[in-house]
Every structure is written in structure tokens, then in C-alpha cells.
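Our numbering puts the last residue of the sequence shown at 999; the count rises by one with no breaks. Contents: one structure, followed by commentary.
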Amino acid sequence: MKKIFTVVIYLCLIVVGVNAQTGSIRGTIIDKGSKETIIGANLRIEGTTLGAITDINGQYEITGITPGIFDLTISYVSYKTLQINGVEVFADKITMLNLDLEEDLGELGEVVVMAARETNTDIAIISEIRKSFQVVSGMSAEQISLSLDRDAAQVIRRVPGITITENNFVQIRGLGARYNPVQLHNAFAPSVEADIKSFNFNILPSSQLDRMLVYKSPSPDISGDFSGGLVKIYTKSIPEENLVTLDYSTQFRSGTTFDTFRNQQRSDIHWTGFNNGYIDLPDNFPASLRDSRLTRDELVAAGRSLANVWEPETRTAGLDQRVSLTGAFKFNLGNKIKVGNITSLNYSNSYSNFGIERGDYNQFDQESGNRSIIFSYLDQQYTQSIRTGLIHNWAFRIGQKSLIEFKNLYNQNSISQYVDRYGNNLEAQQFADLAFGSYDQVYRGIYSGQLLGNHSFMNETLKLDWMAGYSSSNRDQPDYKRYRKDIDIDTGLGQLYIPPGQAVSDFLGRFYSEMNENAITGSFGLSKILKFKGLIDFAPEIKGGVFYEKKERTFNARNIGYVRPVAGFNQDLASLEVWQLLAPQNINYQGGVRIDEQSNPSDSYTASNELIAFYGMVNLPITSKLNALVGARYEGNTQILNSATFTNQPVNVNYPINRLLPSANLSYNITSKSLFRLAYGETLNRPEFRELAPFGFYDFNTNFTNRGNPDLQTPRIHNMDFRFEAYPSAFETISVALFYKYFDRPIETVFIPGAGSQGAKAFTFGNAESAVSYGVELEMKKSFSGMTQSSFVDRLNLVFNAALIKSEVDLGALAVGQSSNRPLQGQAPYIVNATLSYTDELKGWQINTLYNVVGRNIIFVGFDAYPDIYLMPRNVLDVTIVKRVSDRFKIKVGVSDILNEKNLLLQDANEDGVFDPKSDNIMQGFTPGSVFSLGFSYDLYRK
Numbered sequence: 057m058k059k060i061f062t063v064v065i066y067l068c069l070i071v072v073g074v075n076a077q078t079g080s081i082r083g084t085i086i087d088k089g090s091k092e093t094i095i096g097a098n099l100r101i102e103g104t105t106l107g108a109i110t111d112i113n114g115q116y117e118i119t120g121i122t123p124g125i126f127d128l129t130i131s132y133v134s135y136k137t138l139q140i141n142g143v144e145v146f147a148d149k150i151t152m153l154n155l156d157l158e159e160d161l162g163e164l165g166e167v168v169v170m171a172a173r174e175t176n177t178d179i180a181i182i183s184e185i186r187k188s189f190q191v192v193s194g195m196s197a198e199q200i201s202l203s204l205d206r207d208a209a210q211v212i213r214r215v216p217g218i219t220i221t222e223n224n225f226v227q228i229r230g231l232g233a234r235y236n237p238v239q240l241h242n243a244f245a246p247s248v249e250a251d252i253k254s255f256n257f258n259i260l261p262s263s264q265l266d267r268m269l270v271y272k273s274p275s276p277d278i279s280g281d282f283s284g285g286l287v288k289i290y291t292k293s294i295p296e297e298n299l300v301t302l303d304y305s306t307q308f309r310s311g312t313t314f315d316t317f318r319n320q321q322r323s324d325i326h327w328t329g330f331n332n333g334y335i336d337l338p339d340n341f342p343a344s345l346r347d348s349r350l351t352r353d354e355l356v357a358a359g360r361s362l363a364n365v366w367e368p369e370t371r372t373a374g375l376d377q378r379v380s381l382t383g384a385f386k387f388n389l390g391n392k393i394k395v396g397n398i399t400s401l402n403y404s405n406s407y408s409n410f411g412i413e414r415g416d417y418n419q420f421d422q423e424s425g426n427r428s429i430i431f432s433y434l435d436q437q438y439t440q441s442i443r444t445g446l447i448h449n450w451a452f453r454i455g456q457k458s459l460i461e462f463k464n465l466y467n468q469n470s471i472s473q474y475v476d477r478y479g480n481n482l483e484a485q486q487f488a489d490l491a492f493g494s495y496d497q498v499y500r501g502i503y504s505g506q507l508l509g510n511h512s513f514m515n516e517t518l519k520l521d522w523m524a525g526y527s528s529s530n531r532d533q534p535d536y537k538r539y540r541k542d543i544d545i546d547t548g549l550g551q552l553y554i555p556p557g558q559a560v561s562d563f564l565g566r567f568y569s570e571m572n573e574n575a576i577t578g579s580f581g582l583s584k585i586l587k588f589k590g591l592i593d594f595a596p597e598i599k600g601g602v603f604y605e606k607k608e609r610t611f612n613a614r615n616i617g618y619v620r621p622v623a624g625f626n627q628d629l630a631s632l633e634v635w636q637l638l639a640p641q642n643i644n645y646q647g648g649v650r651i652d653e654q655s656n657p658s659d660s661y662t663a664s665n666e667l668i669a670f671y672g673m674v675n676l677p678i679t680s681k682l683n684a685l686v687g688a689r690y691e692g693n694t695q696i697l698n699s700a701t702f703t704n705q706p707v708n709v710n711y712p713i714n715r716l717l718p719s720a721n722l723s724y725n726i727t728s729k730s731l732f733r734l735a736y737g738e739t740l741n742r743p744e745f746r747e748l749a750p751f752g753f754y755d756f757n758t759n760f761t762n763r764g765n766p767d768l769q770t771p772r773i774h775n776m777d778f779r780f781e782a783y784p785s786a787f788e789t790i791s792v793a794l795f796y797k798y799f800d801r802p803i804e805t806v807f808i809p810g811a812g813s814q815g816a817k818a819f820t821f822g823n824a825e826s827a828v829s830y831g832v833e834l835e836m837k838k839s840f841s842g843m844t845q846s847s848f849v850d851r852l853n854l855v856f857n858a859a860l861i862k863s864e865v866d867l868g869a870l871a872v873g874q875s876s877n878r879p880l881q882g883q884a885p886y887i888v889n890a891t892l893s894y895t896d897e898l899k900g901w902q903i904n905t906l907y908n909v910v911g912r913n914i915i916f917v918g919f920d921a922y923p924d925i926y927l928m929p930r931n932v933l934d935v936t937i938v939k940r941v942s943d944r945f946k947i948k949v950g951v952s953d954i955l956n957e958k959n960l961l962l963q964d965a966n967e968d969g970v971f972d973p974k975s976d977n978i979m980q981g982f983t984p985g986s987v988f989s990l991g992f993s994y995d996l997y998r999k
């Protein structure tokens, strides 16, 4: 650790050493005739790469200028280009230069001017947030590039009030993934998880993100199915310039890279991330092993047909690899149509090897202070993740009035995991020591395609937008294998646990599941600004539209296990390794093992969801400073699910819900650079398919089983927000927000008493009586330029955001035997993100230090005599350094998770409110390892 800090400090000192004294140019650009400020004017210092763009107040600043005399060029669409010669810049001084631009009316009569508004810069994001009617936070591609974040899951955790659980699923304002829908552009993102209502953020590479916006207050024109926030992800569209860029990086993870790595056997094309059927069920495998028409010979043949890939392979973990090739091109079709295409192919292959301590405990004895241990295990968890992705976007800008885009995203992800577990279980009767093995392979794939249009008419007072989309997703878990070996404490010899007579696939068996989901969607929106004679400042805007989505899902699962005969079994077989036991010759009815099925009618379901929504709203400029946005959204939704119970009783859910969701947003502009927002809106939270299905899934890692509940109701949520925003300059913002939410009948996890043994527990879902969540958020972007006489300090920028949150749940009738005096599951009481960056544009240096911490939050709810399990805070510190060697070549190095603090799940055993690993129950603990990264970006096109 000391070596790591020494390296970081040394690199920072290098930056200070290479820094030279510089000056800056600052000012405001206005229209010569109207005297109004001009937004988006371009300023360029001739002979250099330095420049700036005016902000929403017409202001600009060019920093990092070597002292000297320069020529400055100012240009903007429909204005005459202005050149100022002989601008002198002094060291550690600011040269003030306020300028007027004159309209070029003659030129406008001769040519068609086409220009695209930038959306991926910090200034563009700040402008979009300021103009929005709702409470919004966001991240630009410019800010994303400052970090080593590899995917959208890592990027979005830096947005105020946001955390990430299980490395994939977003929480907003402390609310779990179920409350936070995700849209790709204007369509709901497809889900790749069967169990959780969420979008898997890690399938999106950060390099292809244009911007991410998080809407935290309701509005009629966005989905009514949210409460924490609605995440909108925009991928890149028309490029600013033609390029072909190769990005490559390699990573070293401490504790993994170049160490021993074990995995199950796999096919020759495993490296692609695609499933070629190597461990799938054979095509001729019986539809049910319990079919009475099957003969013994057919059952033996079925058992022998399954791939015997139980013997783990041992090798050395290599360096992580990430590579992407991006082509971006723009060209014109005639004088009126501007065409842009961005195509990006990306691939990654990464490894992790964690030594994880796991435990579980019975009730704490308050009198004696003793903890009764159920089990204590040590897992060696080997995981390999392979991802292949393609983004293919087209855009057609027709004049200045129309933009048509065709967006395509495809991503394929393979995660393979082998867990080698050893420990003791005091509930395992005569055996105190146990050994387990788990081999998991999951393939996830999504496609999202959208055709979008934006059009303006009548001098941009009438605007039309539309979207048609199709998405599909699949999750394939072809062969999830598990076994248990019992270790005799007297002899030290191990025997495989082979269930007698009937399969118990959790201990010796294979689980197969497949989920497929398809959705079609469409939307249409129209807005009109009304103007009245004699009322120049009164221009209300009315807006209305419709949204439609039809989603269908199929889910099928099979539990297949191995059993021994009650009498006549060859006991010597139990002493073999699992791959020797399951060799074809040992699968027979003559003293060997045979195959059996544990599948139930509840293990499969079909489902659909049809939503049609209409909305209407009006934005009223009540005064020159006060605006009111009021309206309502009507959502008609029908959920259908067909399955069966464990005993094959039909489960048919037909759940129509129609809701009118009113909302109101008020904004008051205190000055041209500051405003207040006040918002109220009603939303809802529909159950997810998996929460309605009676299917139960056993998680080997947690030893928990989760089951659905067909009787769930749709909660109603009241949301209130108050926010102050200030914009001191083009690149600076500060905001403080207060929020309050009331949940009527929220969906919560509920413990099922009496299920399981040896620490196994079962949970389902239920409607609590009510819940509240409230808190405060702070966000700040601050430039240090001009604060001191130091040119080094001038190049520093700070991005800071934090949230304090509290929630309370009233379980009502569910409270019997449950953990009821608690916050909402997954809600963290505080979240802090900070980024300190140094940029020397002239010398091509960029250094960033990023910090993140998330407060203690419930990851698994408890019950009577079994306290809730909390994920403890981890301080995460990253450092990245980028050096521009030339206009074509950049080098990027960095260290992620420098502190490498332990990932801990704790249970407050003595319920004293103090979480201490020395006196409380450690349910899980491991250190993930610091990651050292080296990469480059090379533009193959630029000359």
C-alpha cells in the first residue's frame, strides 16, 4: 500500500514540475444589434489547439495560454467571422475581451447553414439541466473521459444520490433497482435478468456514451413507473469529425493476475462470449425424466448424454484485455442533408479471484454473549467475464428543421464462475467439515433498435418527435452444477453426498434455465409555443403525446440431479472425485448412480405486459421569473402471467391497472444564474414478472431461495422535491435539493418461516403498509481558475456530490415474524462522490483523482431473532493520468480502488446499533484487489 501511495504522490509531483506559468483570455460575446448574449459561439487561438465555446450566458474563458501575442478568431452560424489580431497574454494574468458579432444577412440568403448542437460536453449537460422543467442530474462524455470507468455501471455511480448494487444495478436516492427504470434514448431498455427488474448497466462501454441524464421528479412526458429516478442513456450520433480510433487497455488486478485460476471445462469458442451449445442439454434429451413411459435404458442413456465437465481446469490468470475499434464519419447528401454514422465494435476479457469468508449464525445469546455458528466457509471464487458489443448508429439532419436517427445496440456477455468452498457446518450431523463445488455459466444478450425523429416547424414554435423501437433480450444459464462432499472429522476422508432415491440438485445436480423477452414500442409527441400580440414575454407551451409498449417473456427452468439406490449402492463410488463418479460407466441401475429430475410446474412461466399512456401538459410563464409546468399522465397497463404451483395448480394472473398521474413543477429564476424548483408528482411501481411467478431459485453463494407472489398489488407513490440551482459560469454549477416520498403498499422482501436447513433460508415478496423516504442532495462543479495567482491552481476543477437519506418501512400485516423496524432494503444513509482534476491542454496532461463512499445499507432483510444483513461502507479512491502525445495518440494509466478496503456484509448480532467486525457476525468478507491499468487511444484516420 505504501508503494502505491508513493507512486501516486510521485506522479503528482511530476505534474507540478512540468507546469509552466500561463495566462488566460476571458469575456462575453453579444449580438451587435440586439445586445443579447450569444450561446455556442466558437473562439479559437490561431496556430494552437486552444479555444472555447460561449456558455448559456454568452461567456467564455480560454486557459493554459503560454504568454505571448496571438490572433483570436470568433465564429458562429449566421454571423460574420471576427478576427482580433495582437491579443497579448501575460503570465498569471487574465486578459478581458468582450466582443460584438454582426449578423451576416447576405450570406444567409445564399447558402443553407447546417449545424448540430453539441450534447456530450459539460457545458451542454449544464445547459440541458438548467432548461429542464424537472429535477435532473447528469454526466457528459467529457466528464466520463476523466475516469477509468469502463462501463455505464461505473459511470452512473458518480451521479448525485446514486449507488450501484451487485456491480450492475442502479439505486437512486437510496431506492432499489425496482424503482428506477432505464431508457435507451426514448425506449425502455431490455432486461437481461430473470429475477430483478432492472437494466444491466455493465453491458454498455463508457466510450460510446454521449450523455446520461437522471430525472428525479415526475413529469407527464416521462414514464410513471418510477420513484427513485428515470435514467436516460444516450449513445453517440453525428460525429464532430471523421475518425477511426483504436482503443486498447490492459489491467493488472492484485491477487488475481498471474496467480492460479481455475475454471470449468469449456468450448474452443468460449473466448467470444457466445454459447455454441457445448454444455447445453442435448437436443434429444427427454422433456421430463419423470415420464413413466421412459425405460431404464433410456434414463441411463439420458444421464450419460450430459457433458462430464466437472473436473476444473487449472491455469494462470492473464492480464485483463479491453479493445474497441470505432469509426465515425460524416458527409453531405446535396446541400440539405447531413449524414453521420458511428460504428463501434468492442471486446473485453477480465478475471477475478476472490477469497471470500462466509458465515451464518443462530440467535445471539444476550446473557452469555455467545454466538451460535451455523456454518463457517472459505470460498475461492474464480470469475471470468467476456463481453462483445456493437453499436451502429445513423443520423440524417435535413436542413435545420429535421433529424432522423437509427440507433442500434447489440451486446453479448458471458460470465463463468467456479467456486471451491471448504469449511464446517455445525448442523451437518456427524460431519463437521464440508467441501462444495459450484460451476456456473451465464450468457446474456440484448438487442435494442430504434428509429427516432425530431422535427420543427413554424419558426421552431411547433415541434414533433416520434420513435419506433424493437428490443430483445435473453439470459441462458445452460448448466449450473453443484456438489457437496462430507469430510469425516475422525478420518479426514471425504465422501460425496449422493441423495438416496430422489434428487436434491442443490447438493449434486445441474440447473438449466433460459429466459427470452421481446418488446415493441412506439411514441409520438407534439409541442406548440403560443404567441400573443402585445404579450411578448407570455409564450406558454402546450405538449401532448402517446406512448405504447408490448413486452412478452418466456422463462423455462429444469432441476436435474443424481441419486443412489436406497439399497445395493456401491459405496466405493462415493469416495471418488465428482467427475470420476459421473463417468458414463458409473451411471447405471446396477449399484451406480442414476439421473433424476427435481423440476416442478412452478419452474416455468409465460408473461406479457401491455402499456398505453397518454399525457398532456402546459408550461406557463406566469411572470418573467416564475414558470409553472402542470399536467397529467394516464397509464393503462395489463400484466398477464401463466404458470402453476408446486402441486400443478394453475396460476393465472390478469392484472389491469389504470392510473391518472398528476404532476406539477414550479421554477423561479432568482437571477439569470440561479433558480428554485418545486415539484410534486404521483407515480407507481408495477410488480416485475419474476415477483409474480411462483418459481423458487436457490442461490449457492448466499444459501438463500427466492420465490414470487402472484397476489402482489401495484404501489402508489407521492413524490415531492425542492431544489436550488446556481450557475456561476459556463463550467460551474451548485445545487441543493430536498426530497420526500410516501409509498402506499410498497413491495418488500419477506422471510418465509420454516424453510430450509443448515442455514438455508427462503424469501418471497409482499406489500407493506407504507414507507417514507426523505433526504438532501448537494452537487457542485467548481473551477479553481482565477482563485489564486498560481497557474497550477487555475487548471484544477472539482466535481463533488453527496446525499443524506433516511427511510422507514411500516410492514403492517406483514410484520409478524419479520424485521419491521428498519429502512427500505438497499437504502444507504449517505453517498459521497468527488473528482479533483488537473488539465493542461497545451502540454496534453490530464490527471484525475476520484473518490466514492456509500453508507451502510441493508442487502438482505432479516426476521425475528435474525437481524438484517448490511453491506458496510468502502472508501474507493482512483487515480488516472492521460497524456496526449500527439493529435492522434493518447496514453492512459491509472490505479482503481487504491485503498482496497474489505467488502463486508455484517449482521449486528447483539443489536446494540454498533457494527463491529470484532464482535458482530461477518456474513461475508473479501478484498477485491486494486487494479492497475495501462492503455492507449490511436486515431488511424487523422493525418
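Backbone N, C-alpha and C fix where the C-beta goes; we use that ideal spot for every residue, glycine too.
If you draw a straight line from the C-alpha of residue i to the C-alpha of residue j, how long is it?
{"i": "L520", "j": "S512", "result": "6 Å"}
{"i": "I398", "j": "D943", "result": "20 Å"}
{"i": "Y433", "j": "D353", "result": "40 Å"}
{"i": "G918", "j": "F807", "result": "7 Å"}
{"i": "V970", "j": "S699", "result": "45 Å"}
{"i": "N956", "j": "G985", "result": "6 Å"}
{"i": "F341", "j": "S361", "result": "8 Å"}
{"i": "I576", "j": "L731", "result": "39 Å"}
{"i": "F780", "j": "T662", "result": "47 Å"}
{"i": "R173", "j": "S728", "result": "In this prediction, R173 has a pLDDT of 47, which is less than 50 and means its spatial position is unreliable; what the coordinates show is noted afterwards. R173 and S728: Cα-Cα distance of roughly 22 Å."}
{"i": "G120", "j": "K948", "result": "21 Å"}
Suppose the cutoff is 6 Å on Cβ atoms and the five residues either side in sequence are ignored; what does the same chain contact list for residue i look like?
{"i": "F945", "result": "Y994"}
{"i": "Y334", "result": "S323"}
{"i": "N762", "result": "F753, F819"}
{"i": "D569", "result": "The sequence shown places Ser at residue 569, not Asp. Closer than 6 Å at the Cβ level, and outside the excluded window around S569, lie Q533, A613."}
{"i": "R620", "result": "I554, P556, V649"}
{"i": "G383", "result": "V300, T399"}
{"i": "Q139", "result": "T129"}
{"i": "N528", "result": "Looking at the sequence shown, residue 528 is not Asn but Ser. Y503, N574."}
Name the DSSP bridge partner or partners of residue i?
{"i": "V932", "result": "N908"}
{"i": "S400", "result": "T382, I447"}
{"i": "Q641", "result": "None; Q641 has no bridge partner."}
{"i": "W522", "result": "G509, F580"}
Taking 8 Å as the threshold (beta carbon to beta carbon), is residue i in contact with chain C?
{"i": "F420", "result": "The chain inventory of the structure shown lacks chain C, comprising one protein chain alone."}
Does residue i come out as helix, strand or coil in the three-state DSSP assignment?
{"i": "F982", "result": "strand"}
{"i": "P809", "result": "coil"}
{"i": "R540", "result": "strand"}
{"i": "V709", "result": "strand"}
{"i": "H326", "result": "helix"}
{"i": "G1013", "result": "Nothing can be reported for residue 1013: it is not among the residues displayed for the chain, which extend from 57 to 999."}
{"i": "V215", "result": "coil"}
{"i": "L898", "result": "coil"}
{"i": "A233", "result": "helix"}
{"i": "Q239", "result": "strand"}
Excluding the 5 residues preceding and the 5 following residue i in the sequence, name in chain order all residues of the same chain whose CB lies nearer than 7 Å to its CB.
{"i": "L337", "result": "Y568"}
{"i": "F580", "result": "W522, G601, V602"}
Closer than 8 Å by C-beta to residue i: which residues in its own chain qualify, once you throw out the five before and the five after it? Chain order, please.
{"i": "L518", "result": "S512, L582, S583, K584, I585"}
Should the stretch 296–311 be regarded as contacting the stretch 821–829, the criterion being three or more beta carbon pairs within less than 8 Å?
no
Pairs of beta-carbons, one from the stretch 606–617 and one from the stretch 639–659, closer than 8 Å: are there three or more? yes
Three Cβ pairs or more, each shorter than 8 Å: is that satisfied between the stretch 640–647 and the stretch 584–596? no
* Touch check for the stretch 954–968 and the stretch 908–923: three-plus C-beta pairs under 8 Å? -> yes
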